[in-house]
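The working numbering puts the sequence shown at residues 774 to 899.
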Amino acid sequence: MPNPIKLAHSPDADDIFMYFAIKFGWVDTKGYAFTNIGLDIETLNVEALKGTYDVSAISFGMYPLIKDEYALLRTAVSFGEGYGPKLIRRKDKNLKRNFKVALSGKYTTNAMLFRLYYPDARPIYM
Numbered sequence: 774m775p776n777p778i779k780l781a782h783s784p785d786a787d788d789i790f791m792y793f794a795i796k797f798g799w800v801d802t803k804g805y806a807f808t809n810i811g812l813d814i815e816t817l818n819v820e821a822l823k824g825t826y827d828v829s830a831i832s833f834g835m836y837p838l839i840k841d842e843y844a845l846l847r848t849a850v851s852f853g854e855g856y857g858p859k860l861i862r863r864k865d866k867n868l869k870r871n872f873k874v875a876l877s878g879k880y881t882t883n884a885m886l887f888r889l890y891y892p893d894a895r896p897i898y899m
């Protein structure tokens with residue numbers, strides 16, 4: 774009987790591409806049976822805190838919180854300048870020091886970086 778591995782990833786094209794060959798049986802998995810689970814990144818972050826999956830995509834900012842339970846893979850990173858959410862304001866308005874902003878999740882990389890850059894802002898996590 775094969776050893777089961779729960780592999781969780783986002784439904785984004787880059788994540789799907791990384792696990793495509795495993796999902797469709799194009800590589801020899803050497804006695805392991807992979808179950809692919811596609812979820813949004815914030816759900817994956819929260820589940821990683823619980824240790825739900827054997828292998829999981831996470832946001833970069835999550836790793837310090839789970840480093841004792843998970844190891845980083847040598848590949849599978851998508852991070853870059855100009856990639857991700859944007860902060861938009863009216864051209865004729867300045868942001869208040871403690872402005873309110875909606876962020877995609879408490880544990881996402883964008884939320885971590887946003888809190889570093891705007892420590893007095895009041896985030897609302899969606």
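Backbone N, C-alpha and C define an ideal beta-carbon position, used for all residues, glycine too.
List the whole-angstrom C-beta distance separating G804 from P777, where the pair is believed to meet the contact cut-off of C-beta under 8 Å.
11 Å between Cβ atoms; not a contact.
Between S783 and A830, is the Cβ-Cβ spacing less than 9 Å?
It is a contact, given that the beta carbons lie within the stated cut-off.
How many angstroms separate the CA atom of K869 from the CA atom of Y898?
Computed Cα separation, rounded: 19 Å.
Buried or exposed, going by whether 16 or more other CB atoms sit within 10 Å of the CB of A781?
So A781 counts as buried.
Taking 8 Å as the cut-off, does the stretch 794-813 touch the stretch 833-847 (at least 3 CB pairs, one atom from each stretch)?
Output reads no: the stretch 794-813 does not touch the stretch 833-847.
State buried or exposed for D788, treating a residue as buried only when at least 16 other CB atoms are found within 10 Å of its CB.
Buried is the call here.
With burial defined as no fewer than 16 other Cβ atoms inside 10 Å of the residue's Cβ, what is the status of N818: buried or exposed?
N818 is buried by the Cβ-count criterion.
Within 10 Å of its beta-carbon, does Y880 have 16 or more other beta-carbons around it, so buried, or fewer, so exposed?
Y880 is buried by the Cβ-count criterion.
How many Å lie between D785 and F807 at the Cα?
Each residue's alpha carbon lies about 19 Å from the other.
Considering just the uninterrupted stretch of the beta strand (DSSP E) at A806, what are its terminal residues?
Where A806 is concerned, the enclosing beta strand (DSSP E) stretches over 805-811.
Can you check DSSP and say which residues form a bridge with A894?
Looking at the DSSP assignment, A894 forms no beta bridge with any residue, so it has no partner.
Could you give the distance in angstroms between the alpha-carbon of P896 and the alpha-carbon of G834?
Cα-Cα distance, rounded: 16 Å.
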